[in-house]
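Chemist: Top line first, the protein sequences correspond to chains A and B.
Mapping the first sequence onto my numbering, position 316 (from 1) lands on 316, and the numbers just tick up by one.
If you want my numbering, it's the 1-based position in the second sequence plus 1000.
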Amino acid sequence: MRMDDKRDLLDLESLSSVEIVDLLDTTRSMRQVIDRPVKKVPALRGKTVANLFYEPSTRTRLSFELAEKRLTADSINFSTSGSSVAKGETLRDTVRNIEAMGVDFVVLRHGSSGAAHFVAREVKASVINAGDGTHEHPTQGLLDVYTIREKLGKVAGLRVAIVGDIAHSRVARSNIWALTKLGAEVVVCGPTTLIPADVELMGVTVSHQVEEALEGAHVVNILRIQQERLKSNLLPSLREYALQFSVTSERLRVAHPEVLIMHPGPMNRGIEIAQEVAEDGRNVILDQVTNGVAVRMAVLYHLSGGESLLPVGLEGVA
Amino acid sequence: MGEEGLREKAIILDAQAMRRMLTRIAHEIVERNKGTKDLVIVGIRRRGVPLARRIQTKIREFEGIEVPLGMLDITLYRDDLQTISHAPVVRTTEIPVDVDNRIIILVDDVLYTGRTVRAALDELIDFGRPRSIQLAVLIDRGHRELPIRADYVGKNVPTSSREVIAVNMEEEDGTDCVKILEMDDDEGKE
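(1) Indicate whether A/Ala184 and A/Ala156 have their beta-carbon atoms separated by less than 8 Å.
(2) Could you tell me if B/Lys1037 is buried or exposed, where buried requires 16 or more neighbouring beta carbons within 10 angstroms of its beta carbon?
(3) Rounded C-beta distance between B/Ile1044 and B/Val1107? I'm assuming under 8 Å.
(4) Check the Cβ of A/Thr290 against every Cβ in chain B and list those closer than 9 Å, keeping chain order.
(5) DSSP three-state call for A/Ala255: helix, strand or coil?
(6) When the Cα atoms are used, what is the spatial distance from B/Thr1093 to A/Val289?
(7) Just by C-beta distance, which residues in the segment 1132-1155 of chain B are closer than 7 Å to chain A?
(8) So A/Phe53 is in the beta strand (DSSP E); what residue range does that whole segment cover?
(9) Quick one: Cα of A/Val360 to Cα of A/Ala50, how far?
(10) What separation, rounded to the nearest whole angstrom, lies between the Cα atoms of B/Cys1177 and B/Ser1160?
(11) Give me the DSSP bridge partner(s) of B/Glu1008.
(12) Which class does B/Gln1016 belong to by DSSP, given the choice of helix, strand or coil?
(13) Apart from the five residues on each side of it in sequence, which residues of its chain come closer than 8 Å, Cβ to Cβ, to A/Arg251?
(14) If you reduce the DSSP assignment to three classes, tell me which class B/Phe1127 lands in.
(15) Classify A/Met1 as buried or exposed, calling it buried when 16 or more other Cβ atoms lie within 10 Å of its own Cβ.
(16) Note down the Cα distance separating A/Glu276 from A/Thr193, rounded to an integer number of angstroms.
(17) At least one CB of chain B closer than 8 Å to the CB of A/Ala43: is that the case?
(18) What does A/Tyr301 reach in chain B if we use C-beta pairs closer than 8 Å?
(19) Give the residues of chain B in contact with A/Leu38, contact being defined as C-beta atoms less than 8 Å apart.
(20) Applying the 10 Å Cβ sphere with the 16-neighbour rule, what's the burial state of B/Ile1065?
(21) Could you tell me which chain B residues have their CB closer than 9 Å to the CB of A/Arg296, listed as they occur along the chain?
(22) Just to make sure I have the definition right: I need the residues of chain B whose C-beta is within less than 9 Å of the C-beta of A/Ser29. Which are they?
(23) Output the boundary residues of the alpha helix (DSSP H) element that contains A/Asp93.
(24) Who are A/Val188's beta bridge partners in DSSP?
(25) Going by other Cβ atoms of all chains shown within 10 Å of its Cβ, with 16 needed for buried, is B/Leu1010 buried or exposed?
(26) Which partner residues does B/Gln1134 have in the DSSP bridge list?
(27) Is the number of C-beta pairs between the segment 1075-1094 of chain B and the segment 1136-1150 of chain B that are closer than 8 Å three or more?
(28) Beta-carbon within less than 6 Å of B/Met1018's beta-carbon, same chain only, minus the 5 sequence neighbours each way: which residues are those?
(29) Name the chain B residues whose beta carbon is nearer than 9 Å to that of A/Ser325?
(30) As a quick exercise: from A/Pro257, A/Ala274, A/Leu9, pick the residue whose alpha carbon is nearest that of A/Ala125.
(31) Kindly list the residues whose CB is nearer than 8 Å to the CB of A/Val21, restricted to its own chain and excluding five residues on each side of it in sequence; keep chain order.
(32) Tell me whether the segment 1121-1134 of chain B and the segment 56-71 of chain A touch, counting them as touching only if at least three CB pairs, one residue from each stretch, are closer than 8 Å.
(33) In whole angstroms, what is the alpha-carbon distance linking B/Arg1129 and B/Asp1100?
(34) Can you name, in chain order, every residue of its own chain whose Cβ lies under 6 Å from the Cβ of A/Ser66, other than the five neighbours on each side?
(35) Taking the alpha-carbon positions, what's the A/Ala86 to A/Phe78 distance?
(36) When you compare only the Cα positions, how much space is there between A/His110 and A/Gly102?
Structure follows, in C-alpha cells:
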C-alpha cells in the first residue's frame, strides 16, 4: 500500500509486515461487524466503488460487493461480456470513463499481470487488485494469513505447504509474500513444470514430493489445477497429477495432527484435493470465504480517508 | 498526537478524588434505576472501558451483583472519517448480551462536542432496541455541538477550546489522574 496521497492495494510484495499486521487487526474488528444483528457500519458512506471484472469470478466479486455494502459504500459492477470492451475499448479508456463518473475506488480483476499497477497510474481513485494474471491476488493472500492467524494464534514459525500449480498462481505468490514477511516457513510443491524457476528467491523451499512437503506441516494450502494447463502440455493428464500430488487423508498423516486444510476455491474434488479431505473436519475452506469479506472491508477502510493532514484522534485527550 | 505541543496547566483530579467520584456515580446509577435489573454497562474505547469496569466493580461491591460489561469502538461510526488522512485503528466492539429492552449505561471519560456519543448511540442501536440509554462521564467540559447531555457527571469543568482534558487511568497510562493541558498554538481539536 503506497502511503502517499493516493492509496492503492496492488500487491503484498511491497507491504511491510507492520502494514500487513495492521490490516489483519482491522480485519478482526470487521469480522465482528459481520456477526452483528445489523451487519452494516457507516464508515464508507458516500463513497463509490467500481468493481471491474475482466475475468470470470464468483467468490471474489461477491465478496467485494458484500464488503462494500457492509461499509455502506455504493457500488457499480462491470464485467466484460456485453460491455464496451466487447466493442474494442481499451482498459485505459474504460477506467478513465468510469472514473469520470466519480468513483473513489476501483476493484480490478484482469487476466494480465500488472493490470492493476497500470490502472493505478492512470486514475486518481484508489485501486485494489482483485487478481492480475499470474502476478498477485493480495486480498486472497491476506484472508489466508488471517485465517491461519485466527485458527492457530500466530503465523511466525509455522510450516506452511502450498501444493499445486505454483507457476500460474497469483494466490500462491500473494500467500508466499505475506507468509514469509510474517515469519512462516513456506514449502511449495508441485510438478517441475508448474514450479517457477528461482522461486527460492522468494524465501521458500521447493519439493516435488507431496509427502515430503506435508511432513510436519501446520497448514496446507491446496491450489486449483486448471484444465488449461493440459492444453499447454504442462501436465500429461489430470489423473496423472492426482496420482502424484492430490492431497489425500493418507498423505496428510505425516502432517501436524491439527493441520489446517485450505483451498482458495473453486475445488476440483478428486484432482488436487481428495473427496475425503474436502470434507475433513480440519478444513477451513468456508472460514476462508467468511474471512474474505472481512479482509476486503479492512482493505477498503484502510484505503479510505481524506487528503487533509488533521491529526488522528487525540488519544487520551478530549 | 500524544501530548506534544501541549503544556500542563493543572491537575484537577487525583486518584482518590477519581475513586470517590466513581463510587458516587455507581450509587447514582443503582438509585436512579431502582437496582441493577436489566442494566448493562458499556464503555466507549478507550478510556471509557476501564471506567465502565470500575463502575461495574463498585456495583458488585455494594449490591453483590455482576452487571454485564460491554465495550464499544465507535471508529466506524465517526462523522469525520472523510477528513482524516489515515484511517484510525478500529478495535473490536463487544456487547456480551442482547441489548433489547435493557438499560444501557454508556460510559466515557470526557464529554465535549457530543460527537463521540452520537456515534456510540448509532452503533448501540444497530445492536437492538434498548429500553433506555443513559450516559455517564467522568468530566463534562462543555462546548457541545450536538443536543446531548450526560445523566451522570463526575465533574463539570469549564474549559476554553484551546485547552485539552487528559484523563489518565492506571489500566492504560499507569496512573489515575485528570489534567488540563493547554495548546501552544491552535492545533486541531478532537
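Backbone N, C-alpha and C fix where the C-beta goes; we use that ideal spot for every residue, glycine too.
Modeler: The structure says:
(1) Locating residue 184 of chain A in the first sequence gives position 184, where the first residue counts as 1. Locating residue 156 of chain A in the first sequence gives position 156, where the first residue counts as 1. Cβ distance < 8 Å, so A/Ala184 and A/Ala156 count as in contact.
(2) On the second sequence, position 37 is the one that residue 1037 of chain B refers to. Burial call: exposed.
(3) The residue labelled residue 1044 of chain B in the question sits at position 44 within the second sequence. The residue labelled residue 1107 of chain B in the question sits at position 107 within the second sequence. Yes, they are in contact, since the Cβ atoms of B/Ile1044 and B/Val1107 sit about 7 Å apart, within 8 Å.
(4) As a position in the first sequence, residue 290 of chain A is number 290, starting the count at 1. Here the premise fails: no neighbours, minimum Cβ distance about 16 Å.
(5) On the first sequence, position 255 is the one that residue 255 of chain A refers to. Here A/Ala255 sits in coil by DSSP.
(6) Looking up residue 1093 of chain B in the second sequence gives position 93. Looking up residue 289 of chain A in the first sequence gives position 289. One Cα belongs to B/Thr1093, the other to A/Val289, and the distance between them is close to 22 Å.
(7) none
(8) Within the first sequence, numbered from 1, the residue matching residue 53 of chain A stands at position 53. Segment 48-53, the beta strand (DSSP E) holding A/Phe53.
(9) Coverage of chain A is limited to positions 1 through 318, which leaves residue 360 of chain A absent and any answer about it impossible.
(10) For this step, residue 1177 of chain B is matched to residue 177 along the second sequence. For this step, residue 1160 of chain B is matched to residue 160 along the second sequence. Rounded to the nearest angstrom, the two C-alpha atoms are 20 Å apart.
(11) By 1-based counting over the second sequence, the position of residue 1008 of chain B is 8. BP columns for B/Glu1008 point to B/Leu1181.
(12) For the purposes of this step, residue 1016 of chain B is taken as the residue at position 16 of the second sequence. Helix.
(13) As a first step, residue 251 of chain A is located in the first sequence; it is residue number 251 there, counting from the start. The residues are Val210, Glu211, Leu214.
(14) Translated into positions along the second sequence, residue 1127 of chain B becomes position 127. Coil, per DSSP.
(15) One-based indexing of the first sequence puts residue 1 of chain A at position 1. In this predicted model, A/Met1 has a pLDDT of only 44, less than 50, meaning its place in the structure is not dependable enough to derive any value.
(16) Within the first sequence, the letter at position 276 stands for residue 276 of chain A. Within the first sequence, the letter at position 193 stands for residue 193 of chain A. Whole-angstrom Cα-Cα distance: 27 Å.
(17) Here residue 43 of chain A corresponds to residue number 43 of the first sequence, with the count starting at 1. Chain B, which has a Cβ nearer than 8 Å to the Cβ of A/Ala43, makes this yes.
(18) The sequence position of residue 301 of chain A within the first sequence is 301, counting from 1. The contacting residues are Leu1076, Ala1087, Val1090.
(19) Your numbering for residue 38 of chain A matches position 38 in the first sequence. A small fix is needed here, since residue 38 of chain A is Val in this sequence, not Leu. In chain order: Asp1126, Phe1127.
(20) Numbered from 1 along the second sequence, position 65 holds the residue referred to as residue 1065 of chain B. It counts as exposed.
(21) By 1-based counting over the first sequence, the position of residue 296 of chain A is 296. Going along chain B, no residue has its Cβ under 9 Å from A/Arg296, so there is no contact; the nearest lies around 14 Å.
(22) Position 29 of the first sequence, counted from the first residue, corresponds to residue 29 of chain A. The contacting residues are Asp1073, Thr1075, Leu1076, Val1089, Val1090, Arg1091, Thr1092, Thr1093.
(23) Position 93 of the first sequence, counting from 1, holds the residue named residue 93 of chain A. From DSSP, the alpha helix (DSSP H) with A/Asp93 extends over 91-100.
(24) In the first sequence, counting from the first residue as 1, residue 188 of chain A sits at position 188. Looking at the DSSP output, A/Val188 sits in a beta bridge with A/Ile162, A/Val206.
(25) The sequence position of residue 1010 of chain B within the second sequence is 10, counting from 1. Note that residue 1010 of chain B is Ala in the sequence shown, not Leu. Exposed is the call here.
(26) Here the question's residue 1134 of chain B lines up with position 134 in the second sequence. B/Gln1134 is bridged to B/Ile1105.
(27) no
(28) Position 18 of the second sequence, counted from the start, is the residue given in the question as residue 1018 of chain B. So the qualifying residues of the chain are Asp1176.
(29) For residue 325 of chain A there is no data in the structure shown, the boundaries of chain A being 1 and 318.
(30) The residue labelled residue 125 of chain A in the question sits at position 125 within the first sequence. Among A/Pro257, A/Ala274, A/Leu9, the Cα nearest to that of A/Ala125 is on A/Leu9.
(31) Here residue 21 of chain A corresponds to residue number 21 of the first sequence, with the count starting at 1. Closer than 8 Å at Cβ, skipping near neighbours: Leu182.
(32) no
(33) The sequence position of residue 1129 of chain B within the second sequence is 129, counting from 1. The sequence position of residue 1100 of chain B within the second sequence is 100, counting from 1. The straight-line gap from Cα to Cα measures roughly 5 Å.
(34) The count along the first sequence starts at 1 and reaches residue 66 of chain A at position 66. According to the sequence provided, residue 66 of chain A is Leu. The question's Ser does not apply to it. Correct list, in chain order: Val293.
(35) For the purposes of this step, residue 86 of chain A is taken as residue 86 along the first sequence, with counting starting at 1. For the purposes of this step, residue 78 of chain A is taken as residue 78 along the first sequence, with counting starting at 1. Going by the C-alpha atoms only, they are around 12 Å apart.
(36) Taking the first sequence and counting its residues from 1, the one referred to as residue 110 of chain A is at position 110. Taking the first sequence and counting its residues from 1, the one referred to as residue 102 of chain A is at position 102. Rounded to the nearest angstrom, the two C-alpha atoms are 21 Å apart.
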